[in-house]
Amino acid sequence: MLSLYIVLAFFLAALLAPVVSMLYGKNPYTQYGVNENLLNSFGYPLKPNGGISGQFWFGLEPPYGKDVFTELFYGMRTSIGIGVALTILIIITSVVLGLLAGYLGGWVDYVVMRVADLLMAFPQQLFFIAFIPVLSALFFSPRVQTPTWFRVTILIVVMWFLSWMAVARILRSAVLSMREREFVEAAKLSGASTWRIIRKEILPNMTTPIVVQGTLLLPTMVSAEAGLSFLGVGVQQPTPDWGRMFQTGAAVYQSDITYMVFPTVTMIVFVIAFNLLGDSVRDALDPKSAR
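Using UniProt numbering, the first residue of the sequence shown is number 1, and each one after it goes up by one.
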């Protein structure tokens with residue numbers, strides 16, 4: 001139950017990031033170290049512990065003095081937002097393809113599974129790193145900064161394209177076992193159409209695996225997005241993002257270790273809490289898995 005409260009707190013913090021920024025009186029875009037005597041000549045906070053003070057609760061980000069507290073909230077908002085969008089797209093794709101492949105069988109099942117096998121053979125991380133910059137360069141000149149909305153769109157599309165296969169295979173297996181059940185056979189004998197059987201008989205009974213896979217998939221997508229931003233192919237400046245904070249922290253940790261603490265702790269807590277929530281949901285909805 002604690003994991004549920006922690007997850008809800010993260011979602012609430014992400015949704016209310018603008019409100020927190022307004023009440024706090026600062027934002028993650030202003031470079032506070034430029035016009036104030038807050039940073040030294042190397043761009044590091046003059047005060048100890050990363051510049052933590054009553055004015056800047058979590059300190060300042062080197063080398064321009066951005067506020068870490070609001071940057072963390074907005075970075076959480078970006079990463080979780082992308083993760084949620086990816087999870088929804090992957091679940092929808094997996095449900096459609098898993099239902100079609102599992103229930104129709106034959107050449108439909110063969111084509112879907114062979115495409116899934118082909119895409120699963122791709123080295124995903126390498127493909128992400130190589131393909132996202134290529135797609136960006138096709139639409140925007142290297143001399144022009146790629147708009148944030150376009151980078152996010154490309155990131156979501158590419159990650160979705162190579163991430164639906166595992167969930168689709170799990171849902172297909174569930175459909176294969178379900179299509180031989182008595183209630184499905186009864187619907188066939190009553191003359192129900194294929195679409196009606198899928199919509200009325202099979203899909204409602206797929207709720208448990210769909211919910212379980214969704215809760216387990218979201219933290220994976222958030223971590224993957226943060227990893228790509230850390231590697232420089234995801235969200236970039238000036239948009240706050242968990243991965244970009246890790247990228248900055250890795251560059252300055254020898255001189256300002258405090259900056260790395262806040263994104264690291266929040267990411268670890270989020271992933272652990274969501275994985276525990278996923279396990280709890282699976283045990284609650286599918287008691288057989290707990291044995």
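The beta-carbon is built from N, C-alpha and C at its ideal position, and this holds for glycine as well.
Counted within 10 angstroms of its Cβ, other Cβ atoms place residue i as buried (16 or more) or exposed
i, result
"residue 149", "exposed"
"residue 301", "Since the first residue of the chain shown is 1 and the last is 291, residue 301 is not available in this structure."
"residue 224", "buried"
"residue 284", "exposed"
"residue 134", "exposed"
"residue 189", "exposed"
"residue 277", "buried"
"residue 78", "buried"
"residue 91", "buried"
"residue 107", "exposed"
"residue 196", "exposed"
"residue 207", "exposed"
"residue 159", "buried"
"residue 244", "buried"
"residue 68", "buried"
"residue 183", "exposed"
"residue 296", "Residue 296 lies beyond the range of the chain shown here (1 to 291); nothing can be said about it."
"residue 157", "exposed"
"residue 76", "buried"
Coarse secondary structure for residue i, derived from DSSP in three states
i, result
"residue 67", "strand"
"residue 45", "strand"
"residue 180", "coil"
"residue 36", "coil"
"residue 60", "strand"
"residue 143", "coil"
"residue 291", "Low per-residue confidence applies at residue 291: pLDDT is 45, beneath 50, and the placement is therefore not dependable, though the value from the model is reported in the following sentence. Three-state result, residue 291: coil."
"residue 75", "helix"
"residue 213", "helix"
"residue 275", "helix"
"residue 256", "coil"
"residue 30", "coil"
"residue 166", "helix"
"residue 285", "helix"
"residue 191", "coil"
"residue 96", "helix"
"residue 9", "helix"
"residue 239", "coil"
"residue 157", "helix"
"residue 52", "coil"
"residue 123", "coil"
Cα-Cα separation, residue i to residue j
i, j, result
"residue 216", "residue 275", "6 Å"
"residue 48", "residue 259", "11 Å"
"residue 264", "residue 246", "8 Å"
"residue 71", "residue 19", "13 Å"
"residue 115", "residue 175", "19 Å"
"residue 54", "residue 272", "30 Å"
"residue 29", "residue 240", "8 Å"
"residue 202", "residue 262", "45 Å"
"residue 95", "residue 179", "15 Å"
"residue 122", "residue 36", "50 Å"
"residue 291", "residue 185", "Any reading at residue 291 must be qualified, since the residue scores a pLDDT of 45, below 50, and its modelled position is unreliable; no value is offered."
"residue 12", "residue 231", "28 Å"
"residue 50", "residue 8", "29 Å"
"residue 103", "residue 198", "8 Å"
"residue 6", "residue 111", "41 Å"
"residue 151", "residue 74", "17 Å"
"residue 127", "residue 191", "47 Å"
"residue 113", "residue 249", "41 Å"
"residue 251", "residue 63", "10 Å"
"residue 282", "residue 209", "8 Å"
"residue 129", "residue 228", "7 Å"
"residue 253", "residue 105", "54 Å"
Presumed contact (8 Å Cβ cut-off) between residue i and residue j, rounded CB distance
i, j, result
"residue 86", "residue 163", "7 Å"
"residue 155", "residue 234", "5 Å"
"residue 170", "residue 213", "6 Å"
"residue 52", "residue 43", "Not really, about 17 Å apart at Cβ, beyond 8 Å."
"residue 65", "residue 46", "Wrong, their Cβ atoms sit about 10 Å apart, outside the cutoff."
"residue 3", "residue 280", "7 Å"
"residue 242", "residue 267", "6 Å"
"residue 119", "residue 165", "5 Å"
"residue 270", "residue 56", "Going by Cβ atoms, the distance from residue 270 to residue 56 rounds to 23 Å, so no, they are not a contact pair."
"residue 226", "residue 172", "Between residue 172 and residue 226 the Cβ distance is about 30 Å, and since that is not below 8 Å, they are no contact."
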